[in-house]
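In this note's numbering, the protein residues as written are 513 to 608. Notes for the one structure printed next.
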């Protein structure tokens, strides 16, 4: 089932929406020059795929970054005011 996923890894932007650990088998099949990866796993540590992607020179937006910006947009939509992004980032970091 991973054959198509391996081919998709060569795309300029890859979005991984699988649970933590599911894509770990792909770590050794990453492209030599990866583009950008959006890994939506919210855990406090990076996934093996994100770590390997970075070490190959690719750009990574991790799940915590995605979560932060989703929450910020929700605050803005609900309050009509800019979200306190720095305070929200600090709270996320403190929460672990």
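Each residue gets a CB set at the ideal place from its N, CA and C atoms; glycine is no exception. Because the structure is a prediction, the values reported are computed rather than measured.
Secondary structure of residue i, DSSP reduced to three states
i, result
"residue 583", "helix"
"residue 603", "helix"
"residue 520", "helix"
"residue 588", "helix"
"residue 560", "helix"
"residue 542", "coil"
Opposing strand residues paired with residue i [DSSP bridges]
i, result
"residue 551", "528"
"residue 572", "549"
Alpha-carbon to alpha-carbon, residue j and residue i
i, j, result
"residue 549", "residue 608", "22 Å"
"residue 537", "residue 528", "13 Å"
"residue 518", "residue 524", "13 Å"
"residue 566", "residue 553", "15 Å"
"residue 564", "residue 579", "21 Å"
"residue 543", "residue 568", "8 Å"
"residue 532", "residue 584", "24 Å"
"residue 576", "residue 555", "7 Å"
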